Structures are given as C-alpha cells and as structure tokens.
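*Asks:* Residue numbers (the numbering used here): 9 to 739.
Dumping the structure here so I can ask a few things about it.
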Ligand SMILES: Cc1ncc(C[n+]2csc(CCOP(=O)(O)OP(=O)(O)O)c2C)c(N)n1
Ligand SMILES: [Mg+2]
C-alpha cells in the first residue's frame with residue numbers, strides 16, 4: 009500500500025509550506041507506533057516472566073522520533089537514557105536488538121545480557137553505553153563534544169599508533185558533529201546536570217540537552233524537583249545556549265525545535281536546550297503503580313495527550329490515511345514487534361564463561377613484559393648525583409617529567425583539573441611563574457603544550473571524571489587531577505558506575521581508559537581530617553579499575569607511563585608526603601621508562617619475616633626493619649606492592665613461603681582495609697607455610713586529627729611497625 013517506510017533513519021525535511029509532508033508524517037507515525045508496540049510486547053513478556061524488567065517510552069515517542077530525525081546516527085553522538093526507545097529505534101536500533109537485551113540474550117549487542125532492557129549501546133550508530141544512573145550521561149556528552157572538537161582542530165592526533173592504547177581506540181570525527189544527551193525532568197535536580205550545563209556553556213560545545221518532561225520522577229511531581237515547576241525558566245540565563253520549549257507530544261513542533269537546535273550547534277554557536285512536555289502513559293516502570301500516587305483525573309488528562317492517538321487522529325482528519333490503511337499499518341507493525349520478540353526468545357543465553365570478559369582490556373595487558381623497561385636503579389635515600397651524573401629528582405619532578413614526555417609523544421593526552429593550569433588568563437603567562445597545581449605537579453605544562461591541552465576545570469569533581477569518560481570513549485587520553493583524595497567523593501559515582509564499568513557493561517564495545525591522578529595520605533603535620541585521608545581499598549574493590557600507589561620517584565615515573573599507555577582506567581595515587589621526600593629520589597630515567605602493573609619490589613631481603621606494604625609506609629617500614637636488624641638481629645623482607653589492583657600475589661607467596669611469618673602494613677584505617685584482603689588470602693592459600701598468625705598494621709579507626717600529637721598517634725609510625733616485628737618474631 010505504498011507506506012513501507014522502514015524504521016531505519018532517513019533525513020526529514022519540512023515541505024514548502026513549512027509543514028511535514030504526508031509521507032513524512034506517516035513515517036513518524038510508523039516509528040512512534042512501532043516503539044509503543046515493542047513496549048507493549050515487552051510488558052507482556054515481563055508478565056509471562058520471560059523478561060525481568062520493563063520501563064517504557066510510552067508518551068515520549070513524538071519528542072524522541074523528532075530528535076532522532078533531526079540528527080545523523082553514526083555521524084552525531086548520542087547519550088540517551090532508559091526511556092529513549094523511539095529515539096533509538098529511529099536512529100537504527102532494531103526491534104530484535106531491543107528484545108535481545110530484554111531477554112538477556114548472549115547475543116544482545118548492547119551488553120551481552122548484562123544490562124537491563126533499554127540501556128542503549130551501539131558502536132555503529134554512535135550510541136554510547138548508558139547506565140541506570142540518572143544524569144551521569146550528560147557529563148559524558150560534554151566530554152565527547154570536547155573530544156570531537158579537539159580532533160577536528162588536531163586531526164593528526166587521531167592517527168593510530170602501535171604499542172599503546174591507541175592501537176585499540178579507533179577515532180572518528182566529523183568537524184560539525186552534534187552530541188545529543190537526554191534526561192528526565194526529575195534528574196535535572198542532579199548536580200551533574202548543572203555541572204554539564206556549566207562546561208557546555210563556557211566552552212560553547214555542540215551539545216543538545218534534551219529534557220523529556222513527563223511531570224514525574226517515579227512518584228515525585230515536577231514542582232518538587234524543579235523550583236517553580238519549569239526547568240526552562242531556571243536555565244534561561246546560561247550564556248551561548250539556544251533554547252526551545254515545546255509540546256513534546258507534537259512531532260512537528262518538536263522536529264522544528266531540534267532542527268533549530270542542531271543548526272545552532274553545527275554552526276559552532278554553542279549548546280542547545282530542548283525542553284519537551286511529554287506524558288507518561290504508563291507507570292514509571294513495571295515495578296511501579298501510578299494509581300497509588302496520581303489522581304484519576306490527572307491520569308485521564310494525560311491519556312488525552314497521548315501522542316500516538318493525536319497523530320493518528322491527524323492522519324485521519326487530514327485524509328492522509330484511511331481507517332483501513334491505519335489498521336493495516338498497525339497490524340503490520342504489531343507483527344513486526346511480535347516476530348522480533350520471538351527471534352529474541354529463541355536466541356542463546358550468555359555463557360557463564362563470558363562473565364569475566366571485558367572487565368579489563370582483552371587487548372592490552374598492563375602487566376605484560378612490554379611495559380618492563382625497568383632497569384636496576386640505586387635504591388634508598390641518597391641525594392646528589394648518581395653514578396652516571398644525572399641529578400637525583402623528587403617524585404614530584406619525575407611525575408611532571410613523565411607527563412611532559414608522554415604529552416610530547418602522544419597528542420591525545422589532555423590534562424585538566426582544579427588549578428592544574430599555569431594561568432587560565434593566558435595574557436598573564438608571560439609575566440607570572442604559573443600555578444601548575446596546588447602541589448605543582450603540572451607546573452609548566454600549559455606553557456609547554458597550550459591551553460587546549462592543559463586547562464582548569466570548574467571546581468566540581470564529578471565534572472572532571474564525567475567529562476573524562478566522554479573524552480576517553482572517543483579515544484582521547486585524559487590524564488586528570490583530583491586535587492585531594494579527600495575530595496574525590498563527588499566523583500565516586502562517576503568512577504564506580506561509569507568509568508570502571510563502561511567496558512564490561514557494553515560487553516567490550518566502549519571503554520574509558522582515563523587516568524585519574526590523586527594526591528593522597530597524611531603525615532603532613534596539620535593536614536587534619538580533610539587533607540590526610542587514605543581509602544584506597546574502596547577503589548580496589550571496584551572491578552574494572554586499576555589502582556596504583558608508588559612509593560618512590562622512579563616507580564611513580566615508570567608506573568605513570570604505564571598508566572597513560574594502558575587501555576584501562578587507572579586511579580593513580582600519589583602520596584603527598586612522598587612528593588618531595590629525600591627517600592626514593594632518582595635520576596630521570598628517560599622518556600620510555602615503564603614499569604608493568606602487578607610487579608612488587610623487594611625493597612629489602614630478609615629471612616625472618618615478610619612485611620608487605622606500599623605508599624608512605626614503605627620508608628617507615630624500612631626504617632623499622634633496619635632498626636630490627638641492627639638492634640635485634642631480625643631480618644625483615646620488605647615488599648613494596650607498588651600497584652594495588654592488580655597486585656603481585658606471587659611475590660607475597662614466594663616470600664611468605666620462605667619466611668613463614670608476615671605483617672601487612674598500611675596507612676589507611678585498619679578495619680575493612682586493604683590488608684584484610686591480603687591477610688585473608690594468605691590464611692587461605694598459605695596456611696601450611698605459616699608459623700605464626702598473620703599480623704596487620706593500620707591507622708586507628710578514626711579520621712586524622714589536626715593536632716600533630718593526635719596525628720602521630722592515629723597513623724602508624726616506624727615504632728608501631730618495629731613493635732609488631734618484635735612481637736611476631738617472638739611468637
Ligand atoms: C542516581 C540515581 N538515583 C536514583 C535512581 C532511581 N531512579 C530511577 S528513575 C528515577 C526517576 C527519574 O525521573 P525523571 O528524571 O523525571 O525521568 P523519567 O523516568 O520520568 O523519564 C529514579 C529516582 C537512579 N536510577 N539513579
Ligand atoms: Mg520524569
């Protein structure tokens with residue numbers, strides 16, 4: 009009957025009178041109706057217990073189809089949320105693919121059976137994997153837009169390179185691409201939404217913020233989330249934006265809004281904000297019943313705004329389709345949805361053996377020998393010149409030098425964070441020394457590499473990490489700084505639920521191998537509660553994240569290089585107290601010096617007991633071990649783990665088999681600390697080799713107090729370690 013417009017994307021244009029042609033209206037109706045039928049079929053499957061979760065896009069179809077028709081899949085970029093079925097259908101996700109995710113099939117292309125339905129991901133369409141977390145995606149969209157702009161300005165940076173992550177991070181960019189990100193009105197309460205508007209506005213980024221306002225966040229009505237009840241009014245003063253507020257149940261008005269928004273973005277004028285008033289036809293999800301919190305009158309009023317019923321009436325009223333044609337079309341789409349569901353139900357389930365796949369990169373193993381360029385280096389605290397005449401450098405200097413070397417080698421590296429630039433106002437650069445970080449670790453980088461590669465972020469940690477996710481999925485290498493570990497917590501959500509999970513949840517389609525450099529730890533004399541925190545075990549507990557914690561200048565240099573070159577996200581912990589310590593200084597080892605992850609260092613050999621530690625406890629434990637040897641004849645084998653995830657179990661086991669006694673020491677609080685895991689594994693796997701109980705040393709189970717007398721008592725000292733050594737020896 010000549011109505012066979014497929015669900016595949018095709019550009020849509022207004023006709024001469026400014027309205028949509030009949031064919032275009034039919035195309036839109038098809039997409040909206042098919043989306044609704046897929047939702048309804050999924051609801052049926054959920055009731056039959058053939059699927060396990062359902063959240064529908066019913067009532068949002070017109071707004072979503074319009075957004076997708078205004079943009080270009082595989083050219084523009086998309087960061088949707090869980091309600092965006094009609095959007096993704098229009099972009100080209102097939103009904104079968106949707107049902108494959110709903111049943112959790114092994115062949116689910118979005119996640120391999122790992123994510124709930126409607127958690128979109130498609131590499132060919134540039135739909136980046138989304139989580140269930142409300143509002144995290146808007147910051148990814150910002151980073152993605154920044155990356156697109158960067159590659160357009162520096163096309164050479166997109167070149168593939170062998171031997172590091174670039175071998176596996178394919179780059180595409182267009183120059184005038186637009187990034188669409190979608191969010192419900194309730195989720196605009198999240199700080200990350202405002203953090204994203206901040207950077208998009210400031211940097212004039214081509215991001216369309218699409219707010220799908222159905223008036224409810226589960227049971228919470230809009231006025232509770234949005235003061236005054238209208239998000240458009242609140243954001244109206246952000247500079248550089250193009251604003252649209254439309255009836256999101258009207259596909260034509262919505263399409264015009266998105267086309268104007270896209271034009272503004274493509275022309276480089278800045279971001280756009282498209283706010284659509286939609287309706288939620290069903291409850292929030294199949295786990296919710298809106299009758300318990302919405303009046304019947306309100307629900308009935310919403311039902312009258314059903315965009316599908318409205319468009320159907322228009323098609324009839326304007327004589328575009330007859331009753332019979334509509335019935336035939338709807339029957340055809342109903343069958344399409346049913347057949348897609350049947351195909352998915354017949355698909356194979358995921359293999360149990362697939363579970364660990366893509367927790368980390370399958371391509372580039374940072375423990376591999378290629379990263380072992382480490383040579384034997386003088387160890388200890390000597391200052392001055394080394395044998396070859398190179399001057400001894402601090403950890404701070406060797407980290408800075410590593411950043412310089414790597415930035416010179418790899419144009420995809422960018423550095424940003426709070427205060428990391430030399431001076432944001434470039435005109436001052438000629439006359440001032442520059443800030444370069446509160447600890448000066450990034451000193452001179454902006455001057456050397458320019459403000460496009462080294463810049464200050466807003467004072468917002470989720471902004472820093474969320475943007476890094478967006479940059480990294482595009483193939484850039486953000487090496488960002490969180491100013492103090494004590495303030496990493498606003499970014500924790502992004503680290504755990506996004507950065508570390510991107511690869512696993514998308515079954516390897518996407519990854520976010522960014523590096524987070526984070527000054528950590530105490531022993532500062534006056535650092536107090538909020539400038540002395542440890543807490544590494546909270547991060548080693550996150551699958552998908554590498555955690556590194558060097559104790560010497562040379563290790564910091566070699567491990568940072570591996571962190572930057574590897575293809576996994578890395579939390580790189582730098583102990584503030586060790587930055588300028590005389591312990592562990594070393595000469596500059598050259599631009600290719602690297603240390604593989606998961607290789608501990610035996611700092612001091614010994615036969616009486618093993619002492620496993622890392623970070624600032626290394627020099628303290630060494631001091632205790634030297635005293636024990638000198639005064640009591642106890643020879644302690646001191647092992648510096650250097651990387652905490654992965655960690656060098658073989659080094660621990662080899663040593664414990666030799667000494668039969670072991671202490672695990674760390675600066676972090678004792679209870680539920682990193683040492684607990686190592687102790688448990690030793691007890692489990694090396695029980696037969698032990699002659700004494702496994703001992704642990706850690707801080708008191710409090711925070712670090714300001715008064716130095718208290719700080720000294722709270723944190724483990726060389727004396728604490730010496731006492732434990734003596735007791736264990738006597739056991
Ligand atoms: C960070 C976070 N907090 C809470 C939730 C639970 N949750 C899921 S959806 C939702 C409501 C979202 O409402 P809105 O943003 O208006 O989107 P809608 O579902 O109405 O389209 C909540 C509270 C979540 N997924 N993520
Ligand atoms: Mg809502």
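The beta-carbon is built from N, C-alpha and C at its ideal position, and this holds for glycine as well.
In this text the structure is predicted, and so the values were computed from the model without any measurement.
Mind reading off the beta-carbon distance from residue 554 to residue 414? Whole number of angstroms is fine, and I expect it under 8 Å.
*Replies:* The residue given as residue 554 occupies position 546 in the chain shown. The residue given as residue 414 occupies position 406 in the chain shown. 16 Å between Cβ atoms; not a contact.
*Asks:* Report yes if the CB atom of residue 184 is closer than 9 Å to the CB atom of residue 121, and no otherwise.
*Replies:* If you number the chain shown from 1, residue 184 lands on position 176. If you number the chain shown from 1, residue 121 lands on position 113. Not closer than 9 Å, so no.
*Asks:* DSSP three-state call for residue 425: helix, strand or coil?
*Replies:* For the purposes of this step, residue 425 is taken as the residue at position 417 of the chain shown. DSSP places residue 425 in strand when its eight states are reduced to three.
*Asks:* Can you say whether residue 682 is buried or exposed, counting buried as having 16 or more other CB atoms within 10 angstroms of its CB?
*Replies:* To locate residue 682, count along the chain shown from 1; it is residue 674. By the neighbour-count rule (16 or more Cβ atoms within 10 Å), residue 682 is buried.
*Asks:* Run the CB neighbour count on residue 310, radius 10 Å, all protein chains shown included, and call it buried at 16 or more, exposed below.
*Replies:* The sequence position of residue 310 within the chain shown is 302, counting from 1. Buried, since its Cβ has 16 or more Cβ neighbours within 10 Å.
*Asks:* My guess is that residue 256 and residue 71 are in contact by the Cβ rule of under 8 Å, so how many angstroms apart are they, rounded?
*Replies:* The sequence position of residue 256 within the chain shown is 248, counting from 1. The sequence position of residue 71 within the chain shown is 63, counting from 1. Correct: roughly 4 Å between the Cβ atoms.
*Asks:* Here's the rule: buried if 16 or more other CB atoms are within 10 angstroms of the residue's CB, otherwise exposed. What is residue 139?
*Replies:* The residue labelled residue 139 in the question sits at position 131 within the chain shown. Buried, by the Cβ-count rule.
*Asks:* Hey, could you find the ends of the beta strand (DSSP E) residue 464 is sitting in?
*Replies:* For the purposes of this step, residue 464 is identified with residue 456 of the chain shown, where counting begins at 1. Element bounds for residue 464: 462-464.
*Asks:* What did DSSP end up calling residue 94 once you bin it into helix, strand or coil?
*Replies:* Counted from its first residue, the chain shown places residue 94 at position 86. Three-state result, residue 94: helix.
*Asks:* Taking the alpha-carbon positions, what's the residue 136 to residue 601 distance?
*Replies:* Translated into the one-based positions of the chain shown, residue 136 becomes position 128. Translated into the one-based positions of the chain shown, residue 601 becomes position 593. Roughly 34 Å between the two C-alpha positions.
*Asks:* Tell me which residue opens and which closes the alpha helix (DSSP H) that residue 570 is part of.
*Replies:* In the chain shown, counting from the first residue as 1, residue 570 sits at position 562. Element bounds for residue 570: 561-573.
*Asks:* Classify residue 3 as helix, strand or coil using the three-state DSSP reduction.
*Replies:* Residue coverage of the chain in this structure runs from 9 to 739, which leaves residue 3 outside it and unanswerable.
*Asks:* Taking C-beta to C-beta, are residue 567 and residue 558 nearer than 9 Å?
*Replies:* Taking the chain shown and counting its residues from 1, the one referred to as residue 567 is at position 559. Taking the chain shown and counting its residues from 1, the one referred to as residue 558 is at position 550. It is a contact, given that the beta carbons lie within the stated cut-off.
*Asks:* Between the region 531-550 and the region 708-727, can you find at least three pairs of beta-carbon atoms closer than 8 Å?
*Replies:* Yes: at least three Cβ pairs fall under 8 Å.
*Asks:* Checking 9 Å against the spacing of the C-beta atoms, do residue 454 and residue 447 come in under that value?
*Replies:* As a first step, residue 454 must be located in the chain shown, where it is residue number 446. As a first step, residue 447 must be located in the chain shown, where it is residue number 439. Against a cut-off of 9 Å, the Cβ pair of residue 447 and residue 454 comes out as no contact.
*Asks:* In the structure shown, what three-state DSSP assignment does residue 201 receive?
*Replies:* For the purposes of this step, residue 201 is taken as residue 193 along the chain shown, with counting starting at 1. The answer is helix: DSSP assigns residue 201 an H, G or I state.
*Asks:* Could you give the C-beta distance for residue 186 and residue 79, rounded to a whole number, given that I count them as a contact under 8 Å?
*Replies:* Here residue 186 is taken as the residue at index 178 of the chain shown, counted from 1. Here residue 79 is taken as the residue at index 71 of the chain shown, counted from 1. Indeed, because the Cβ distance is near 6 Å, the residues count as touching under 8 Å.
*Asks:* Report all residues from its chain with a CB closer than 6 Å to the CB of residue 30; omit the five preceding and five following residues, and keep chain order.
*Replies:* What you label residue 30 is simply residue 22 of the chain shown in a count that begins at 1. Here the set comprises 328.
*Asks:* Judging by CA-CA distance, which residue of 536, 730, 244, 496 is the nearest neighbour of residue 638?
*Replies:* Working through the chain shown from its first residue, we reach residue 638 at position 630. Per the Cα distances, 730.
*Asks:* Specify the secondary structure class of residue 635 as computed by DSSP and reduced to three states.
*Replies:* The residue given as residue 635 occupies position 627 in the chain shown. Helix at residue 635.
*Asks:* Taking Cβ to Cβ, would you say residue 209 is nearer than 9 Å to residue 159?
*Replies:* For this step, residue 209 is matched to residue 201 along the chain shown. For this step, residue 159 is matched to residue 151 along the chain shown. Not closer than 9 Å, so no.
*Asks:* I'd like to know whether the C-beta atoms of residue 44 and residue 220 end up nearer to each other than 9 Å.
*Replies:* On the chain shown, residue 44 is found 36 positions in, with the first residue counted as 1. On the chain shown, residue 220 is found 212 positions in, with the first residue counted as 1. Not in contact: residue 44 and residue 220 (Cβ atoms no closer than 9 Å).
*Asks:* Mind checking residue 561: buried by the 16 CB within 10 Å criterion, or exposed?
*Replies:* Taking the chain shown and counting its residues from 1, the one referred to as residue 561 is at position 553. Burial call: buried.
*Asks:* Check whether the region 589-598 and the region 615-622 touch, using three or more Cβ-Cβ pairs below 8 Å as the test.
*Replies:* No, the region 589-598 is not in contact with the region 615-622.
*Asks:* State whether the region 218-236 contacts the region 164-172, with contact taken as three or more CB pairs (one from each stretch) at a distance under 8 Å.
*Replies:* The region 218-236, when compared against the region 164-172, does not touch it at the 8 Å Cβ threshold.
*Asks:* Since residue 646 is in the beta strand (DSSP E), which residue starts that stretch and which ends it?
*Replies:* In the chain shown, residue 646 corresponds to position 638, counting from 1. That run of the beta strand (DSSP E) goes 644-648.
*Asks:* Mapping the DSSP letters down to three states, classify residue 493 as helix, strand or coil.
*Replies:* Taking the chain shown and counting its residues from 1, the one referred to as residue 493 is at position 485. Here residue 493 sits in helix by DSSP.
*Asks:* Give a single yes or no on whether residue 198 has its beta carbon closer than 8 Å to a heavy atom of ligand 1.
*Replies:* Your numbering for residue 198 matches position 190 in the chain shown. Yes.
*Asks:* On the CB-based measure, 16 or more other CB atoms within 10 Å of its CB, does residue 4 come out buried or exposed?
*Replies:* There is no way to answer for residue 4, as the model of the chain reaches only from 9 to 739.
*Asks:* Should the region 47-59 be regarded as contacting the region 343-357, the criterion being three or more beta carbon pairs within less than 8 Å?
*Replies:* Segments in contact, yes.
*Asks:* Do residue 225 and ligand 2 come close, with the Cβ less than 8 Å from some heavy atom?
*Replies:* The residue labelled residue 225 in the question sits at position 217 within the chain shown. For ligand 2, at least one heavy atom lies less than 8 Å from the Cβ of residue 225.
*Asks:* In the DSSP assignment, find the unbroken alpha helix (DSSP H) run with residue 525 in it and report its ends.
*Replies:* Counting from one through the chain shown, the residue named residue 525 turns up at place 517. No alpha helix (DSSP H) contains residue 525, which is instead part of the beta strand (DSSP E) from 523-528.
*Asks:* Which residues does DSSP pair with residue 284 in a beta bridge?
*Replies:* Locating residue 284 in the chain shown gives position 276, counting from the first residue. Looking at the DSSP assignment, residue 284 forms a beta bridge with 220, 254.
*Asks:* According to DSSP, is residue 395 helix, strand or coil?
*Replies:* For the purposes of this step, residue 395 is taken as the residue at position 387 of the chain shown. Residue placement at residue 395 is flagged as unreliable, the pLDDT there being 48, under the threshold of 50; the coordinate-derived value follows with that caveat. DSSP places residue 395 in coil when its eight states are reduced to three.
*Asks:* From which residue to which residue does the beta strand (DSSP E) around residue 673 run?
*Replies:* Here residue 673 corresponds to residue number 665 of the chain shown, with the count starting at 1. Residue 673 -> beta strand (DSSP E) spans 670-677.
*Asks:* Kindly provide the ranges of any beta strand (DSSP E) runs that are 3 or more residues long and lie completely inside the region 534-560, ordered along the chain.
*Replies:* Complete beta strand (DSSP E) runs here, min 3: 554-556.
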